[in-house]
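Note that the numbering used here numbers the sequence shown so that position 140 is 121, with each residue one more than the last. Taking it in order: structure first as structure tokens, then the write-up.
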Amino acid sequence: MPSNEKLVLALPKGRILGEVVPLLRRAGIVAEPGFAEEEARQLRFATSHAGLDLIRVRSFDVATFVAFGAAHLGVAGNDILMEFDYPEIYAPLDLGIGRCRLAVAAPAEDATREDPARWSHVRVATKYPDITRRHFAARGVQAECIKLNGAMELAPALGLCRYIVDLVQTGSTLRANGLVEIEPVAEVSARLIVNRAALKTRPEEVSSWIERFREVANAA
């Protein structure tokens, strides 16, 4: 990571991008036109800081780009950090945005009959198989995880499984598909993440951005 190379900040596409843009603005980062447009095909953007570029990638990929050094910093939910547990990533700061929760859900008609204390084996659809297995294993329940990347709420209705583990913000998507929360797994929010090697080789630059984001998050 040569010192004359631009720093790259990886940001997630989708819902959370709308919460990230005001945070960037308060940190004094203005991206070139098109950055906040979901339909834009461009993925890398220059900013008002000559030494900083932004990239937009899928939320799950932010951590991968940072872990492998393709991006020096990023914004990722702690759900993703819990799932992948990359040792190369340092997460110094909770940005206080993207708040939601990871929860177990099941069909509403089953909810009144559910007693999680009696579970011994569950089949679960989720895009978080590692978190899900650890969550259930902590109380001696074996979780058979079916990995899905979307449309989780369809799985119980179509007989793929009885339970899902997914992110919940308002619960409206669950209700629209006849599901209710059974139990919480984890509270989720977006974190500033840093590649550990970049922090060692470019400490002044990386640390200055950490402090700038810390000031912005604390002032919110």
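The beta carbon of each residue, even a glycine, is placed where N, CA and C say it ideally should be.
Fill in: Nearest candidate by alpha-carbon position, reference A178, set A52, V85 and E18
Residue nearest to A178 within the set A52, V85 and E18 is A52 (criterion: CA-CA distance).
Worksheet item: In chain order, which beta strand (DSSP E) runs of at least 3 residues are fully inside the segment 67 to 135?
Response: For the beta strand (DSSP E) assignment, the uninterrupted runs of no fewer than 3 residues enclosed by the segment 67 to 135 are, from N- to C-terminal side, 70 to 75, 81 to 88, 102 to 107 and 123 to 128.
Fill in: Three-state secondary structure (DSSP) of P(-17)
For P(-17), the predicted structure reports a pLDDT of 46, less than 50, and the residue's modelled location is therefore unreliable. The matter cannot be settled from this model.
Worksheet entry | For I36, the residue or residues it bridges with in DSSP | Answer is A(-9) and R25.
Item to complete: Give a yes or no on whether 7 Å exceeds the smallest Cβ distance from V166 to chain C.
Response: Structure shown: chain C not included; a single protein chain is present.
Worksheet item: From what residue to what residue does the beta strand (DSSP E) around I58 run?
Response: As written in the sequence, residue 58 is Gly, which differs from the Ile given in the question. In the DSSP assignment, G58 falls within the unbroken beta strand (DSSP E) covering L54 to G58.
Item to complete: Examine the Cβ distances between the segment 140 to 147 and the segment 100 to 117 and report whether three or more of them are shorter than 8 Å.
Response: These segments touch.
Worksheet item: Would G159 pass as a contact of P97 if the rule is Cβ separation under 7 Å?
Response: Taking 7 Å as the Cβ cut-off, G159 and P97 do not qualify as a contacting pair.
Discussion item. For a quick check, are the C-beta atoms of D127 and E64 less than 7 Å apart?
Written reply: Going by the sequence as given, residue 127 is Ile instead of Asp. The answer is no: Cβ separation not under 7 Å.
Worksheet item: Under the rule that 16 or more other beta-carbon atoms within 10 Å means buried, what is L24, buried or exposed?
Response: Its Cβ having fewer than 16 others within 10 Å, L24 is exposed.
Fill in: Secondary structure of L173, DSSP reduced to three states
Reduced to three states, the DSSP call for L173 is strand.
Fill in: Rounded C-alpha distance that separates V2 from A17
V2 and A17: Cα-Cα distance of roughly 7 Å.
Discussion item. Between the alpha carbons of K(-13) and A31, how many angstroms are there, rounded?
Written reply: Those two C-alpha atoms are separated by around 8 Å.
Worksheet entry | Cβ pair L74, R183 closer than 7 Å | Going by C-beta atoms, L74 is not nearer than 7 Å to R183.
Worksheet item: For I61 versus A(-9), is the C-beta spacing smaller than 7 Å?
Response: Cβ distance not < 7 Å, so I61 and A(-9) don't count as in contact.
Worksheet entry | Rounded Cβ spacing between V187 and L54 (contact assumed at less than 8 Å) | The Cβ separation is near 7 Å, so the contact holds.
Worksheet item: For A167, which residues does DSSP report across the bridge?
Response: Answer by DSSP bridge pairing, in chain order: L83.
Discussion item. Less than 7 Å between the C-beta atoms of F26 and A8, yes or no?
Written reply: No, the pair does not count as a contact, with Cβ atoms beyond the cut-off.
Discussion item. Let me check understanding here. Comparing Cα to Cα, which of R94, R99, G152 and R193 lies closest to G121?
Written reply: It is R99.
Practice prompt. Quick one: using the 10 Å Cβ neighbour count with 16 as the cut-off for buried, is N176 buried or exposed?
Written response: N176 is buried by the Cβ-count criterion.
Worksheet item: How about V166 and A72: do their beta carbons lie closer than 7 Å?
Response: Judged by beta-carbon spacing, A72 lies beyond the 7 Å limit of V166, meaning their Cβ atoms are not closer than that value.
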